[in-house]
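Notes follow the structure.
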Amino acid sequence: MSKTLEEIQNFEGKYPKQIWSLFFSEMWERFCFYGMRGMLVFFMISQLDFHEKEANLQYGATQAFVYAFTFVGGLFADKILGFRKSLFWGGLLMIVGSLILAADPHNFFFLGIAFTVVGTGFFKPNISSMVGQLYKPNDSRADAGFSLFYAGINLGALLGGYLCIAIGKGELFASIIPEELRWHLAFGFAAVVMVISLINFVFTQRSLGTIGLQPGHPDNEVKSAPIPKWKEYGTYILSLLFIPIIKIMIAKTEYTDYFMWTVGPLTLIYLFYEMTKVTASERKKLWAALVFILFSILFWGIYEQSGGSLSIFAAKNLNKDLLGLDPNGVNNSGGAFFIIFLAPLIGLLWIWLNKRKIEPNTIIKFGLGFIFLGLGYYILFATRLFANLQGITSLNFFTIALLVITLGELCLSPIGLSIMTKLSTKN
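Per our numbering, residue 2 is the first one in the sequence shown, and the count goes up by one each step.
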(Lines of atoms letter the chains of each structure in order from A and count residues from 1; the text may use other names and numbers.)
(Lines give C-alpha, C1' and ligand atoms only; values in the text may rest on other atoms or scores of the structure.)
Protein backbone atom coordinates (compact mmCIF):
# COMPACT_ATOMS: atom_id res chain seq x y z
CA MET A 1 0.00 0.00 0.00
CA SER A 2 1.45 3.37 -1.04
CA LYS A 3 2.01 6.06 1.58
CA THR A 4 0.53 9.53 1.71
CA LEU A 5 2.76 12.54 1.09
CA GLU A 6 2.67 13.41 4.79
CA GLU A 7 3.76 9.89 5.77
CA ILE A 8 6.64 10.03 3.28
CA GLN A 9 7.83 13.44 4.51
CA ASN A 10 7.60 12.46 8.20
CA PHE A 11 10.43 9.95 7.87
CA GLU A 12 12.90 9.20 10.65
CA GLY A 13 16.66 9.32 10.25
CA LYS A 14 18.80 11.12 7.69
CA TYR A 15 17.15 9.99 4.43
CA PRO A 16 13.65 8.92 3.30
CA LYS A 17 13.49 5.34 2.00
CA GLN A 18 11.95 6.53 -1.27
CA ILE A 19 15.14 8.35 -2.21
CA TRP A 20 16.74 5.02 -3.18
CA SER A 21 14.23 4.47 -6.00
CA LEU A 22 15.20 7.82 -7.50
CA PHE A 23 18.89 7.31 -6.63
CA PHE A 24 19.25 4.20 -8.81
CA SER A 25 17.11 5.47 -11.70
CA GLU A 26 19.19 8.63 -11.84
CA MET A 27 22.44 6.70 -11.46
CA TRP A 28 21.82 4.61 -14.59
CA GLU A 29 20.49 7.58 -16.55
CA ARG A 30 23.65 9.52 -15.72
CA PHE A 31 25.72 6.50 -16.82
CA CYS A 32 24.03 6.84 -20.21
CA PHE A 33 24.34 10.64 -20.36
CA TYR A 34 27.96 10.95 -19.20
CA GLY A 35 28.98 7.97 -21.29
CA MET A 36 27.64 9.80 -24.34
CA ARG A 37 29.03 13.16 -23.22
CA GLY A 38 32.50 11.74 -22.75
CA MET A 39 32.55 10.29 -26.26
CA LEU A 40 31.26 13.28 -28.24
CA VAL A 41 34.34 15.41 -28.87
CA PHE A 42 36.76 12.50 -29.25
CA PHE A 43 34.40 10.69 -31.65
CA MET A 44 33.87 13.80 -33.77
CA ILE A 45 37.61 14.37 -34.13
CA SER A 46 38.79 10.78 -34.55
CA GLN A 47 35.85 9.29 -36.47
CA LEU A 48 34.06 12.15 -38.22
CA ASP A 49 37.27 14.09 -39.04
CA PHE A 50 36.09 17.34 -37.46
CA HIS A 51 38.65 20.00 -36.64
CA GLU A 52 39.16 20.60 -32.91
CA LYS A 53 37.48 24.01 -33.01
CA GLU A 54 34.50 22.61 -34.91
CA ALA A 55 34.14 19.66 -32.52
CA ASN A 56 34.24 22.04 -29.56
CA LEU A 57 31.49 24.18 -31.10
CA GLN A 58 29.32 21.10 -31.77
CA TYR A 59 29.84 19.95 -28.19
CA GLY A 60 28.97 23.40 -26.87
CA ALA A 61 25.80 23.48 -28.98
CA THR A 62 24.81 20.03 -27.71
CA GLN A 63 25.27 21.00 -24.08
CA ALA A 64 23.47 24.30 -24.63
CA PHE A 65 20.41 22.47 -25.93
CA VAL A 66 20.60 19.90 -23.13
CA TYR A 67 20.40 22.66 -20.53
CA ALA A 68 17.86 24.72 -22.50
CA PHE A 69 15.54 21.77 -23.01
CA THR A 70 15.40 20.99 -19.30
CA PHE A 71 13.34 24.19 -19.08
CA VAL A 72 10.96 22.89 -21.77
CA GLY A 73 10.76 19.42 -20.20
CA GLY A 74 10.11 20.90 -16.77
CA LEU A 75 7.41 23.19 -18.17
CA PHE A 76 5.54 20.30 -19.83
CA ALA A 77 5.82 18.28 -16.61
CA ASP A 78 4.44 21.13 -14.49
CA LYS A 79 1.54 21.95 -16.79
CA ILE A 80 0.55 18.69 -18.52
CA LEU A 81 2.39 15.41 -17.91
CA GLY A 82 3.47 15.34 -14.30
CA PHE A 83 6.95 14.27 -13.23
CA ARG A 84 6.55 10.52 -13.69
CA LYS A 85 5.23 10.51 -17.26
CA SER A 86 7.82 13.12 -18.23
CA LEU A 87 10.60 11.02 -16.75
CA PHE A 88 9.45 7.87 -18.54
CA TRP A 89 8.99 9.64 -21.88
CA GLY A 90 12.43 11.22 -21.60
CA GLY A 91 13.99 7.86 -20.81
CA LEU A 92 12.39 6.29 -23.90
CA LEU A 93 13.75 9.07 -26.12
CA MET A 94 17.23 8.63 -24.66
CA ILE A 95 17.08 4.89 -25.38
CA VAL A 96 16.05 5.56 -28.99
CA GLY A 97 18.87 8.08 -29.40
CA SER A 98 21.46 5.66 -28.01
CA LEU A 99 20.20 2.85 -30.25
CA ILE A 100 20.43 5.09 -33.33
CA LEU A 101 24.04 5.89 -32.45
CA ALA A 102 24.79 2.23 -31.75
CA ALA A 103 23.36 1.22 -35.15
CA ASP A 104 25.24 3.79 -37.27
CA PRO A 105 27.10 6.52 -35.37
CA HIS A 106 28.89 7.79 -38.48
CA ASN A 107 25.82 8.55 -40.60
CA PHE A 108 23.19 9.30 -37.94
CA PHE A 109 25.33 10.98 -35.31
CA PHE A 110 23.37 14.23 -35.00
CA LEU A 111 19.98 12.49 -35.17
CA GLY A 112 20.92 10.24 -32.24
CA ILE A 113 22.24 13.22 -30.29
CA ALA A 114 19.01 15.18 -30.91
CA PHE A 115 16.91 12.34 -29.46
CA THR A 116 19.19 12.25 -26.43
CA VAL A 117 18.96 16.02 -25.92
CA VAL A 118 15.15 16.04 -25.90
CA GLY A 119 15.03 12.92 -23.72
CA THR A 120 17.39 14.42 -21.17
CA GLY A 121 15.23 17.54 -21.06
CA PHE A 122 12.23 15.48 -19.98
CA PHE A 123 14.11 13.17 -17.61
CA LYS A 124 16.67 15.23 -15.70
CA PRO A 125 14.75 18.13 -14.12
CA ASN A 126 11.78 16.04 -13.08
CA ILE A 127 13.58 13.34 -11.13
CA SER A 128 15.34 16.09 -9.15
CA SER A 129 11.97 17.72 -8.47
CA MET A 130 10.63 14.46 -7.06
CA VAL A 131 13.59 14.26 -4.68
CA GLY A 132 12.68 17.73 -3.44
CA GLN A 133 9.10 16.67 -2.72
CA LEU A 134 10.30 13.92 -0.38
CA TYR A 135 11.00 16.72 2.12
CA LYS A 136 8.81 19.27 3.83
CA PRO A 137 9.62 22.94 3.16
CA ASN A 138 12.58 24.12 5.26
CA ASP A 139 13.54 20.56 6.29
CA SER A 140 17.22 20.94 7.21
CA ARG A 141 17.87 17.35 6.03
CA ALA A 142 17.14 18.24 2.39
CA ASP A 143 20.72 19.36 1.67
CA ALA A 144 22.03 16.01 2.94
CA GLY A 145 19.43 14.17 0.85
CA PHE A 146 20.45 16.00 -2.30
CA SER A 147 24.10 15.31 -1.51
CA LEU A 148 23.31 11.58 -1.34
CA PHE A 149 21.30 11.82 -4.57
CA TYR A 150 24.25 13.65 -6.10
CA ALA A 151 26.51 10.76 -5.15
CA GLY A 152 24.20 8.50 -7.18
CA ILE A 153 24.45 10.85 -10.14
CA ASN A 154 28.20 10.65 -9.99
CA LEU A 155 28.39 6.90 -9.50
CA GLY A 156 26.67 6.66 -12.88
CA ALA A 157 28.95 9.36 -14.29
CA LEU A 158 32.04 7.51 -13.02
CA LEU A 159 31.08 4.22 -14.66
CA GLY A 160 29.70 5.65 -17.89
CA GLY A 161 32.31 8.38 -18.25
CA TYR A 162 35.18 5.90 -18.13
CA LEU A 163 33.78 2.67 -19.61
CA CYS A 164 32.06 4.00 -22.73
CA ILE A 165 34.97 5.97 -24.16
CA ALA A 166 37.46 3.28 -23.07
CA ILE A 167 35.50 0.71 -25.09
CA GLY A 168 35.21 3.06 -28.07
CA LYS A 169 38.94 3.87 -28.08
CA GLY A 170 39.93 0.23 -27.60
CA GLU A 171 41.43 0.83 -24.15
CA LEU A 172 39.12 -1.89 -22.75
CA PHE A 173 38.24 -5.30 -24.21
CA ALA A 174 40.27 -4.58 -27.34
CA SER A 175 41.17 -8.27 -27.68
CA ILE A 176 37.54 -9.42 -27.83
CA ILE A 177 35.80 -6.50 -29.57
CA PRO A 178 36.66 -6.04 -33.27
CA GLU A 179 37.84 -2.50 -34.06
CA GLU A 180 34.94 -1.82 -36.43
CA LEU A 181 32.40 -2.60 -33.67
CA ARG A 182 33.94 -0.69 -30.77
CA TRP A 183 32.03 2.57 -31.14
CA HIS A 184 28.79 0.73 -31.93
CA LEU A 185 29.07 -1.21 -28.67
CA ALA A 186 30.11 1.87 -26.70
CA PHE A 187 26.94 3.70 -27.73
CA GLY A 188 24.88 0.52 -27.33
CA PHE A 189 26.15 0.16 -23.77
CA ALA A 190 24.57 3.54 -22.99
CA ALA A 191 21.21 2.29 -24.32
CA VAL A 192 21.31 -0.86 -22.17
CA VAL A 193 21.85 1.02 -18.91
CA MET A 194 19.08 3.48 -19.79
CA VAL A 195 16.71 0.51 -20.09
CA ILE A 196 17.85 -0.59 -16.61
CA SER A 197 17.07 2.92 -15.30
CA LEU A 198 13.49 2.83 -16.57
CA ILE A 199 12.89 -0.74 -15.36
CA ASN A 200 14.06 0.26 -11.88
CA PHE A 201 11.72 3.25 -11.86
CA VAL A 202 8.69 1.28 -13.07
CA PHE A 203 9.08 -1.35 -10.36
CA THR A 204 9.82 1.03 -7.48
CA GLN A 205 7.64 4.08 -8.23
CA ARG A 206 4.77 2.78 -6.07
CA SER A 207 6.77 3.76 -2.98
CA LEU A 208 6.54 7.43 -4.06
CA GLY A 209 2.84 7.65 -3.22
CA THR A 210 1.25 10.63 -5.00
CA ILE A 211 4.55 12.35 -5.83
CA GLY A 212 4.83 13.05 -9.56
CA LEU A 213 1.54 11.42 -10.59
CA GLN A 214 -0.14 14.63 -11.78
CA PRO A 215 1.04 18.12 -12.78
CA GLY A 216 1.64 20.52 -9.93
CA HIS A 217 2.39 19.83 -6.29
CA PRO A 218 1.04 16.63 -4.66
CA ASP A 219 -0.85 18.75 -2.11
CA ASN A 220 -3.02 20.10 -4.93
CA GLU A 221 -3.70 16.88 -6.81
CA VAL A 222 -7.07 16.11 -5.26
CA LYS A 223 -8.41 19.50 -6.23
CA SER A 224 -7.10 19.64 -9.81
CA ALA A 225 -9.12 18.45 -12.80
CA PRO A 226 -7.62 15.66 -14.95
CA ILE A 227 -5.53 16.88 -17.88
CA PRO A 228 -7.24 16.11 -21.24
CA LYS A 229 -5.59 13.23 -23.11
CA TRP A 230 -5.18 15.33 -26.26
CA LYS A 231 -2.84 17.64 -24.34
CA GLU A 232 -0.74 14.69 -23.20
CA TYR A 233 -0.49 13.17 -26.69
CA GLY A 234 0.08 16.62 -28.17
CA THR A 235 3.07 17.05 -25.86
CA TYR A 236 4.59 13.80 -27.08
CA ILE A 237 4.09 14.79 -30.73
CA LEU A 238 5.45 18.30 -30.18
CA SER A 239 8.56 16.97 -28.47
CA LEU A 240 9.20 14.68 -31.45
CA LEU A 241 8.88 17.69 -33.78
CA PHE A 242 11.66 19.40 -31.82
CA ILE A 243 14.10 16.62 -32.76
CA PRO A 244 14.78 17.51 -36.44
CA ILE A 245 15.06 21.19 -35.47
CA ILE A 246 17.66 20.44 -32.79
CA LYS A 247 19.50 18.09 -35.17
CA ILE A 248 19.89 20.91 -37.70
CA MET A 249 20.92 23.47 -35.10
CA ILE A 250 23.57 21.26 -33.53
CA ALA A 251 24.98 20.36 -36.96
CA LYS A 252 25.03 24.07 -37.92
CA THR A 253 26.23 25.80 -34.78
CA GLU A 254 25.64 29.31 -36.15
CA TYR A 255 21.90 28.55 -35.88
CA THR A 256 22.40 27.67 -32.23
CA ASP A 257 23.68 31.19 -31.53
CA TYR A 258 20.57 32.76 -33.06
CA PHE A 259 18.32 30.32 -31.21
CA MET A 260 19.88 30.89 -27.80
CA TRP A 261 19.88 34.67 -28.17
CA THR A 262 16.15 34.38 -28.89
CA VAL A 263 15.16 31.75 -26.35
CA GLY A 264 17.16 33.27 -23.47
CA PRO A 265 15.23 36.57 -23.38
CA LEU A 266 11.92 34.77 -24.06
CA THR A 267 12.56 32.52 -21.06
CA LEU A 268 13.10 35.55 -18.84
CA ILE A 269 9.94 37.19 -20.21
CA TYR A 270 7.99 34.02 -19.42
CA LEU A 271 9.43 33.94 -15.89
CA PHE A 272 8.45 37.58 -15.33
CA TYR A 273 4.95 36.78 -16.62
CA GLU A 274 4.64 33.88 -14.15
CA MET A 275 5.75 36.22 -11.37
CA THR A 276 2.64 38.34 -11.94
CA LYS A 277 0.45 35.36 -11.01
CA VAL A 278 1.94 34.66 -7.56
CA THR A 279 1.84 36.35 -4.17
CA ALA A 280 4.38 38.97 -3.10
CA SER A 281 6.23 36.51 -0.85
CA GLU A 282 6.39 33.92 -3.65
CA ARG A 283 7.64 36.61 -6.04
CA LYS A 284 10.54 37.34 -3.69
CA LYS A 285 11.42 33.65 -3.74
CA LEU A 286 11.41 33.60 -7.55
CA TRP A 287 13.69 36.65 -7.69
CA ALA A 288 16.10 34.87 -5.35
CA ALA A 289 15.88 31.74 -7.51
CA LEU A 290 16.74 33.79 -10.60
CA VAL A 291 19.90 35.12 -8.93
CA PHE A 292 21.03 31.57 -8.08
CA ILE A 293 20.21 30.45 -11.64
CA LEU A 294 22.38 33.19 -13.16
CA PHE A 295 25.33 32.26 -10.95
CA SER A 296 24.79 28.58 -11.78
CA ILE A 297 24.94 29.41 -15.51
CA LEU A 298 28.32 31.05 -14.97
CA PHE A 299 29.62 28.14 -12.89
CA TRP A 300 28.55 25.42 -15.33
CA GLY A 301 29.70 27.42 -18.34
CA ILE A 302 33.23 27.22 -16.91
CA TYR A 303 32.85 23.68 -15.57
CA GLU A 304 31.63 22.22 -18.88
CA GLN A 305 35.07 22.75 -20.44
CA SER A 306 35.67 19.22 -19.15
CA GLY A 307 33.72 17.74 -22.05
CA GLY A 308 35.21 20.07 -24.67
CA SER A 309 38.63 21.70 -24.50
CA LEU A 310 39.77 19.57 -21.54
CA SER A 311 38.80 16.42 -23.46
CA ILE A 312 41.12 17.47 -26.29
CA PHE A 313 43.81 18.43 -23.76
CA ALA A 314 43.55 15.01 -22.11
CA ALA A 315 43.89 13.21 -25.44
CA LYS A 316 46.88 15.23 -26.65
CA ASN A 317 48.78 16.50 -23.62
CA LEU A 318 48.51 14.08 -20.69
CA ASN A 319 50.63 11.04 -19.87
CA LYS A 320 49.44 7.77 -18.28
CA ASP A 321 51.37 8.10 -15.02
CA LEU A 322 48.26 7.51 -12.91
CA LEU A 323 48.09 3.69 -12.73
CA GLY A 324 48.24 3.51 -16.52
CA LEU A 325 44.70 4.91 -16.77
CA ASP A 326 43.42 6.48 -19.98
CA PRO A 327 43.62 10.31 -19.59
CA ASN A 328 40.28 10.82 -21.36
CA GLY A 329 38.64 8.37 -18.98
CA VAL A 330 40.12 10.20 -15.99
CA ASN A 331 38.94 13.54 -17.36
CA ASN A 332 35.42 12.18 -17.90
CA SER A 333 35.05 10.32 -14.61
CA GLY A 334 37.69 11.64 -12.18
CA GLY A 335 35.38 14.28 -10.73
CA ALA A 336 32.62 11.71 -10.32
CA PHE A 337 35.05 9.39 -8.51
CA PHE A 338 35.83 12.07 -5.94
CA ILE A 339 32.16 13.00 -5.50
CA ILE A 340 31.15 9.42 -4.68
CA PHE A 341 33.41 9.49 -1.63
CA LEU A 342 33.08 13.15 -0.71
CA ALA A 343 29.34 13.79 -1.25
CA PRO A 344 28.10 11.75 1.75
CA LEU A 345 30.82 13.28 3.92
CA ILE A 346 29.92 16.81 2.83
CA GLY A 347 26.24 16.03 3.45
CA LEU A 348 27.01 14.81 6.97
CA LEU A 349 29.20 17.88 7.50
CA TRP A 350 26.26 20.19 6.71
CA ILE A 351 24.08 18.25 9.19
CA TRP A 352 26.79 18.40 11.88
CA LEU A 353 27.27 22.14 11.37
CA ASN A 354 23.50 22.71 11.32
CA LYS A 355 23.05 21.01 14.70
CA ARG A 356 25.63 23.40 16.12
CA LYS A 357 23.97 26.34 14.33
CA ILE A 358 27.15 27.20 12.43
CA GLU A 359 26.22 25.83 8.99
CA PRO A 360 27.16 28.36 6.25
CA ASN A 361 24.17 29.71 4.36
CA THR A 362 23.49 29.00 0.70
CA ILE A 363 25.18 32.20 -0.51
CA ILE A 364 28.42 31.32 1.28
CA LYS A 365 28.27 27.76 -0.10
CA PHE A 366 27.87 29.14 -3.63
CA GLY A 367 30.82 31.47 -3.02
CA LEU A 368 32.97 28.56 -1.85
CA GLY A 369 31.99 26.71 -5.03
CA PHE A 370 33.39 29.50 -7.20
CA ILE A 371 36.57 29.79 -5.11
CA PHE A 372 37.33 26.08 -5.52
CA LEU A 373 36.43 26.21 -9.23
CA GLY A 374 38.83 29.09 -9.84
CA LEU A 375 41.60 27.42 -7.83
CA GLY A 376 41.13 24.18 -9.78
CA TYR A 377 41.50 25.92 -13.12
CA TYR A 378 44.56 27.75 -11.85
CA ILE A 379 46.09 24.33 -11.07
CA LEU A 380 45.19 23.19 -14.60
CA PHE A 381 46.97 26.26 -15.95
CA ALA A 382 50.01 25.37 -13.81
CA THR A 383 50.29 21.88 -15.38
CA ARG A 384 52.33 23.54 -18.14
CA LEU A 385 55.19 23.78 -15.63
CA PHE A 386 55.48 19.97 -15.75
CA ALA A 387 55.29 19.60 -19.55
CA ASN A 388 58.11 17.97 -21.50
CA LEU A 389 59.42 19.13 -24.88
CA GLN A 390 56.55 17.34 -26.64
CA GLY A 391 53.97 19.22 -24.56
CA ILE A 392 53.03 16.14 -22.51
CA THR A 393 52.33 16.92 -18.86
CA SER A 394 51.37 15.13 -15.64
CA LEU A 395 48.05 13.29 -15.34
CA ASN A 396 48.65 13.21 -11.57
CA PHE A 397 48.68 17.01 -11.35
CA PHE A 398 45.64 17.18 -13.65
CA THR A 399 43.80 14.85 -11.25
CA ILE A 400 44.57 17.11 -8.29
CA ALA A 401 42.91 19.94 -10.22
CA LEU A 402 39.84 17.73 -10.73
CA LEU A 403 39.70 17.11 -6.97
CA VAL A 404 39.70 20.83 -6.20
CA ILE A 405 37.06 21.55 -8.87
CA THR A 406 34.97 18.72 -7.40
CA LEU A 407 35.00 20.39 -3.98
CA GLY A 408 33.58 23.48 -5.67
CA GLU A 409 30.91 21.41 -7.39
CA LEU A 410 29.87 19.84 -4.08
CA CYS A 411 29.53 23.26 -2.46
CA LEU A 412 27.29 24.50 -5.27
CA SER A 413 25.41 21.83 -7.19
CA PRO A 414 23.56 19.68 -4.61
CA ILE A 415 22.90 22.82 -2.59
CA GLY A 416 21.59 24.51 -5.74
CA LEU A 417 19.22 21.60 -6.39
CA SER A 418 17.99 21.83 -2.83
CA ILE A 419 17.49 25.60 -2.81
CA MET A 420 15.51 25.47 -6.07
CA THR A 421 12.96 23.15 -4.46
CA LYS A 422 12.69 25.56 -1.52
CA LEU A 423 12.31 28.69 -3.67
CA SER A 424 10.01 27.27 -6.36
CA THR A 425 6.30 27.97 -6.01
CA LYS A 426 3.70 25.18 -6.04
CA ASN A 427 2.24 26.23 -9.39
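Backbone N, C-alpha and C fix where the C-beta goes; we use that ideal spot for every residue, glycine too.
For clarity, every value in this text was computed on a predicted model and none was experimentally measured.
Close beta carbons around residue i, own chain, < 6 angstroms, minus the five adjacent residues each side
i           : result
residue 376 : 405
residue 222 : Low per-residue confidence applies at residue 222: pLDDT is 48, beneath 50, and the placement is therefore not dependable, though the value from the model is reported in the following sentence. Within the same chain, residue 222 has close Cβ partners 211, 215.
residue 423 : none
residue 352 : 145
residue 339 : 404, 407
residue 336 : 403, 407
residue 125 : 71
residue 326 : none
residue 360 : 351, 354
residue 370 : 409, 412, 413
residue 130 : 84
residue 7   : none
residue 56  : 42, 45, 46
Residue i vs residue j beta-carbon contact at 8 angstroms
i           : j           : result
residue 400 : residue 346 : no
residue 128 : residue 160 : no
residue 187 : residue 162 : no
residue 243 : residue 250 : no
residue 114 : residue 63  : yes
residue 240 : residue 119 : yes
residue 148 : residue 348 : yes
residue 190 : residue 36  : yes
residue 414 : residue 143 : no
residue 20  : residue 132 : yes
residue 294 : residue 66  : no
residue 27  : residue 150 : yes
residue 411 : residue 343 : yes
residue 81  : residue 236 : yes
residue 99  : residue 40  : no
residue 158 : residue 103 : no
residue 304 : residue 381 : no
residue 22  : residue 202 : yes
Cβ-based neighbour list, residue i, same chain, cut-off 7 angstroms, excluding 5 preceding and 5 following
i           : result
residue 332 : 307, 311, 312, 315
residue 296 : 367
residue 290 : 421, 424, 425
residue 183 : 168, 169, 171
residue 58  : 254
residue 152 : 340, 341, 344, 345
residue 268 : 72
Short CB-CB distance (under 8 angstroms) between residue i and chain B
i          : result
residue 68 : Looking at the structure shown, chain B is missing, and only one protein chain is on hand.
Cβ separation of residue i and residue j, assumed to be a contact under 8 angstroms, to the nearest whole Å
i           : j           : result
residue 341 : residue 156 : 5 angstroms
residue 1   : residue 60  : A query on residue 1 cannot be resolved here, the shown segment of the chain reaching from 2 to 428 and no further.
residue 1   : residue 206 : Not covered by the structure: residue 1. The range shown for the chain is 2 to 428.
residue 106 : residue 174 : Their Cβ separation, rounded to whole angstroms, is 18 angstroms, which puts residue 106 and residue 174 out of contact at 8 angstroms.
residue 388 : residue 264 : Not a contact, Cβ separation roughly 41 angstroms.
residue 94  : residue 51  : With a Cβ gap of about 25 angstroms, residue 94 and residue 51 do not count as contacting.
Contacting residues, own chain, Cβ-Cβ under 8 angstroms from residue i (five flanking each side not counted)
i           : result
residue 372 : 409
residue 101 : 109, 112, 113, 116
residue 328 : 315, 316, 319, 320, 321, 396, 399
residue 136 : 10, 17, 142, 143, 146, 422
residue 5   : 210, 211
residue 197 : 29
residue 393 : 318, 319, 320
For this session: Answer yes if the stretch 278 to 290 comes into contact with the stretch 16 to 35, meaning at least three C-beta pairs across the two stretches below 8 angstroms, and no otherwise.
Result: no
Exercise. Any contact of the stretch 64 to 83 with the stretch 227 to 240, i.e. 3+ C-beta pairs under 8 angstroms?
Worked result: yes
For this session: Ignoring anything shorter than 3 residues or poking outside the stretch 7 to 94, list the beta strand (DSSP E) runs there in chain order.
Result: none
Problem set entry | Runs of beta strand (DSSP E) lying entirely within the stretch 126 to 154, each at least 3 residues, in chain order | none
Problem set entry | Complete runs of the alpha helix (DSSP H) confined to the stretch 348 to 402 [at least 4 residues] | 363 to 383
Problem set entry | Contained alpha helix (DSSP H) runs [length at least 4] in the stretch 270 to 356, N- to C-terminal order | 281 to 304, 310 to 318, 328 to 356
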